[in-house]
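In what follows, a single structure is set out as structure tokens and then discussed.
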Amino acid sequence: MTALPPDIGSARRAFPPGFAWGTATAAYQIEGAVAEDGRTPSIWDTFSHTPGKVDGGDTGDIAVDHYHRFREDVRMMADLGLTSYRFSIAWPRVQPTGRGPASERGLDFYRALTDELLAHGITPVATLYHWDLPQELENPSNGGPAGDGGWPARETAYRFADYAALAAEALGDRVPTWITLNEPWCSAFLGYGAGVHAPGRTDPGDALRAAHHLNLGHGLAVGALRAALPASAQVSVSLNLHVVRPLGDRPQDLEAARRIDAVGNRIWTGPMFRARYDEDLLEDTAHLVDWDALVHDGDLTETSRPIDLLGLNYYNPTVVSASADPEHRPREDGHGSGAHSPWPGADAVAFHRANDDVTAMGWPIDPTGLSDALLTMHREFGLPLIISENGAAFQDTVAPDGTVHDPERTAYLRRHLDAVADAIDAGADVRGYFLWSLLDNFEWAYGYDKRFGIIHVDYDTLVRTPKSSAHWYAEVIRRGGPD
Ligand code: FCB
614 MTALPPDIGS ARRAFPPGFA WGTATAAYQI EGAVAEDGRT PSIWDTFSHT PGKVDGGDTG
674 DIAVDHYHRF REDVRMMADL GLTSYRFSIA WPRVQPTGRG PASERGLDFY RALTDELLAH
734 GITPVATLYH WDLPQELENP SNGGPAGDGG WPARETAYRF ADYAALAAEA LGDRVPTWIT
794 LNEPWCSAFL GYGAGVHAPG RTDPGDALRA AHHLNLGHGL AVGALRAALP ASAQVSVSLN
854 LHVVRPLGDR PQDLEAARRI DAVGNRIWTG PMFRARYDED LLEDTAHLVD WDALVHDGDL
914 TETSRPIDLL GLNYYNPTVV SASADPEHRP REDGHGSGAH SPWPGADAVA FHRANDDVTA
974 MGWPIDPTGL SDALLTMHRE FGLPLIISEN GAAFQDTVAP DGTVHDPERT AYLRRHLDAV
1034 ADAIDAGADV RGYFLWSLLD NFEWAYGYDK RFGIIHVDYD TLVRTPKSSA HWYAEVIRRG
1094 GPD
């Protein structure tokens, strides 16, 4: 474990030396340029162009035009003093059909971006899959059990490992930290269960098949990355582990929490860290999928290949109880709630707000969930940790003088950094914090209405303006922690 430095000043929270102060983004949410330099559609292009799927009919066609403005964006990061930056690589840019050789034009963009980061002293952290599956792999020709492609098809896991190898061969000399998947829970259960994310399918069996193939794809990609990267490279995964809290202590509420922990958390951490799917998870979902046919011999050896670092994306805790009249809420906030559940095998579970102090997403603000999650992960997996996402959307307004004052976001960030410091004080080995997000951007099914950036983007002019929270974060970085 990293030794903690002594407190500098009475009230300053101590973060370890070399702590990574970063921000995070994802390709489809910021890049735009969806048809340039050989990029082909991903499932998110198809989904966002399908009427009724995204609020306001918004798409990522232009997004914040980062593809053309990345030099300006890196300069702004440097001005803030960021030491690290987590971005994602668009699979349909670097391997347009999802199979076969890499596109040099696509790779050139990430070569230029990472060169620019390094020239400004910012360490790149690359995520391979932040939800933009090449549409061609989703098409039926990719061959799933019902003739459907996408993550329910085993083939996709192998395609992902090939893509990981191509990306690592091209960028491994300059990217020291690699994240395989971002929030596979969302890919599987929002994408194939609830249908509120791309590709918008709604079959609980497919969602579970997708989950296993994401686990398999992760493990195969870890192997491919190890083969292509220098020994010093760090390999990680970003999980949105749910901080599950039962509403009360009735046995049926504890049972609800157990089910959500199984299909929200242990469905990933079991195969990734313990080479198993827990019996209770298999029993809860046995009526939805044939696990014996799904999990082949040797799969769990692949899924559990060791990694170096574990990424946590944290926004809010998940409070559950038993219910005879369940409500299904994809993000516990009501968006897209409807007939289809993102929680297979957990039909009799109801979701509750942890408190009424909420962000513009309707997500309760509760930093204790962040320290709890970090400590639990530290105890259970013993790995170095990063917070690979944390942040908040608020209704920002631009003042007549052009400034954007966002004290609510600053307060949110401050409280969450305090929670990180609490976890470090209690022994968790936390190596970095990646604030979501650098820029306002395309917030998936919510479109551009929800602003998470510490840099404001005017969507008509694409002009960037650091919000007051950005200036505050710069000061935190300069001092090595919040006062
Ligand atoms: C996470 C996603 C990220 C962003 C934040 C608000 O689930 O990984 O892309 O949308 O939520």
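Going from the sequence shown to my numbering is simple: count from 1 and add 613. Idealized CB from N, CA, C, for every residue including glycine.
Distance check for residue j and residue i, CA to CA, integer angstroms please.
i, j, result
"residue 839", "residue 761", "31 angstroms"
"residue 1078", "residue 872", "44 angstroms"
"residue 844", "residue 852", "24 angstroms"
"residue 776", "residue 1029", "35 angstroms"
"residue 755", "residue 763", "7 angstroms"
"residue 866", "residue 825", "27 angstroms"
"residue 913", "residue 957", "21 angstroms"
"residue 966", "residue 675", "34 angstroms"
"residue 694", "residue 1093", "11 angstroms"
"residue 768", "residue 803", "21 angstroms"
"residue 963", "residue 935", "6 angstroms"
"residue 749", "residue 678", "24 angstroms"
"residue 765", "residue 1066", "33 angstroms"
"residue 626", "residue 986", "19 angstroms"
"residue 949", "residue 971", "Below a pLDDT of 50, predicted positions are generally treated as unreliable, and residue 949, at 45, falls in that range; the measurement from the model is reported next regardless. Near 18 angstroms, if we compare the C-alpha coordinates of residue 971 and residue 949."
"residue 1075", "residue 685", "12 angstroms"
"residue 1057", "residue 810", "7 angstroms"
"residue 730", "residue 881", "32 angstroms"
"residue 1103", "residue 736", "A question about residue 1103 goes unanswered here, because the residues of the chain that appear run from 614 up to 1096."
Check for me: the beta strand (DSSP E) holding residue i runs from which residue to which?
i, result
"residue 1002", "998 to 1003"
"residue 847", "847 to 852"
"residue 1070", "1068 to 1070"
"residue 792", "790 to 795"
"residue 765", "Looking at the DSSP string, residue 765 is not in any beta strand (DSSP E), and its letter there is neither H nor E."
"residue 698", "697 to 701"
"residue 924", "922 to 926"
"residue 1077", "1077 to 1079"
"residue 857", "857 to 859"
What are the residues that DSSP puts in a beta bridge with residue i?
i, result
"residue 965", "932"
"residue 1047", "635"
"residue 971", "977"
"residue 1052", "1068"
"residue 1089", "Paired residue(s): none; residue 1089 is not in a bridge."
"residue 1011", "1017"
"residue 747", "655"
Take residue i as the anchor and find which of the options has the nearest alpha-carbon.
i, options, result
"residue 911", "888, 827, 1063, 695", "888"
"residue 680", "955, 652, 714, 656", "652"
"residue 858", "645, 870, 836", "870"
"residue 975", "930, 1000, 916", "930"
"residue 1096", "1073, 1046, 1081, 1031", "1031"
Within the continuous alpha helix (DSSP H) that includes residue i, where are the two ends?
i, result
"residue 687", "679 to 693"
"residue 1101", "Nothing can be reported for residue 1101, as the shown portion of the chain is limited to 614 through 1096."
"residue 739", "Looking at the DSSP string, residue 739 is not in any alpha helix (DSSP H); the run it does join, the beta strand (DSSP E), is 736 to 742."
"residue 828", "817 to 841"
"residue 1029", "1020 to 1038"
"residue 723", "717 to 732"
"residue 675", "First-last for residue 675: undefined, no H or E at that position."
"residue 706", "704 to 707"
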